[in-house]
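What follows is a short report on a single structure.
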Amino acid sequence: MAACWTKNRNLLRFFVVFVTICLSRGSAQDVEEAVKCEDLKTGQYHCPQPAIDPDTQAALGCRKEGLVTVWCSAAPGINCTGDLKKDVPCRYTNGYHYDIALLTSIFLGMLGVDRFYLGYPAIGLLKLCTLGFMFLGQLVDIILIATQVVGPSDGSKYVINYYGPGLSHIYMDNHTYLKPQEDWTVS
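Every position in the sequence shown, counted from 1, becomes a number in my numbering once 36 is added.
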């Protein structure tokens with residue numbers, strides 16, 4: 037009977053040591069997996085769309101740099117510690133309406149009212165004195181404002197409906213990579 041008790045006690049000790057090791061190893065892995073939330077990579081978190089201000093049609097809290105801070109959450113199955121705030125791009129507006137700029141350019145462009153409205157008083161005065169550069173400058177300004185090449189002088193964007201017909205200009209420089217297509221031939 038004593039031999040059976042000793043055998044069971046050794047088995048019980050082994051079981052307790054085994055369970056303790058397994059539990060400690062699992063908690064150590066949880067500590068290793070819990071990284072700082074600000075160190076998460078793209079795709080490991082989700083940022084909701086920022087709230088839109090109905091007056092400016094821009095994200096609430098959008099700064100002049102064109103960024104707004106939003107609270108993000110980690111993707112399911114990812115543990116992280118701390119707060120996760122990310123800056124996402126936004127369209128900064130300062131009260132200049134696209135439709136007003138375009139209509140003043142069409143109807144009062146020969147007097148330079150469109151340029152005065154957008155914050156370019158020197159060009160507006162020049163257009164006023166030359167009757168819109170003999171109406172040729174008015175035509176050019178209508179095209180430039182319609183294509184949103186000319187915007188407000190403070191660098192902000194036009195107030196346009198958030199999901200409206202805004203243009204996104206795509207620029208290319210020496211650091212732009214063009215992915216080669218199959219139909220391109222190199223001689």
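Glycine included, every Cβ here is placed at the ideal spot set by N, Cα and C. All figures in this text were calculated on a predicted structure; none of them were measured in a lab.
Alpha helix (DSSP H) segment containing Lys163, residue limits:
157-165
What are the complete beta strand (DSSP E) segments, minimum 3 residues, inside the region 72-140?
Runs found: 103-107, 121-125, 129-133.
Neighbourhood of Asp190 by C-beta distance below 6 Å, restricted to the same chain and skipping five residues each side:
Annotation for Asp190: Asn130 place their beta carbon closer than 6 Å to its own, counting only its chain and skipping 5 residues before and after.
Measure the CB-CB distance between Asp150 and Ile181 and report whether it falls below 8 Å.
yes
Find the nearest neighbour of Tyr198 within the set Ile57, Leu175, Gln93, judged by alpha-carbon distance.
Gln93
For Val195, which residues does DSSP report across the bridge?
By DSSP's assignment, Val195 forms a beta bridge with His133.
Would you please state the rounded distance, in angstroms, between the beta carbons of Gly113 and Cys73? I believe it to be under 8 Å.
The Cβ separation is near 14 Å, so there is no contact.
If you drop the 5 nearest sequence neighbours on each side, which residues of the same chain put their C-beta closer than 7 Å to that of Cys116?
Ala70, Val71, Lys72, Cys73, Leu76, Ala110
Assuming Cys98 contacts Cys126 (C-beta within less than 8 Å), just tell me the rounded distance between them.
4 Å
DSSP state of Asp150 mapped onto helix, strand, coil:
helix
Since Gly187 is in the alpha helix (DSSP H), which residue starts that stretch and which ends it?
Note, Gly187: premise wrong, no alpha helix (DSSP H); not H, not E.
Could you check if Gly168 is buried or exposed, using at least 16 other CB atoms within 10 Å of its CB as the buried criterion?
Buried, because 16 or more other Cβ atoms sit within 10 Å of the Cβ of Gly168.
So for Met170, helix, strand or coil by DSSP?
helix
Gln174 vs Gly145 beta-carbon contact at 8 Å
yes
Helix, strand or coil at Ile206 according to DSSP, with G and I counted as helix:
coil
Assign Asp66 to buried or exposed, taking buried as 16 or more other Cβ atoms, counted over all protein chains shown, within 10 Å of its Cβ.
Residue placement at Asp66 cannot be trusted, given a pLDDT of 48 that sits under 50; the coordinates are not used to answer.
Environment of Ser141 [buried if 16+ CB atoms lie within 10 Å]
buried
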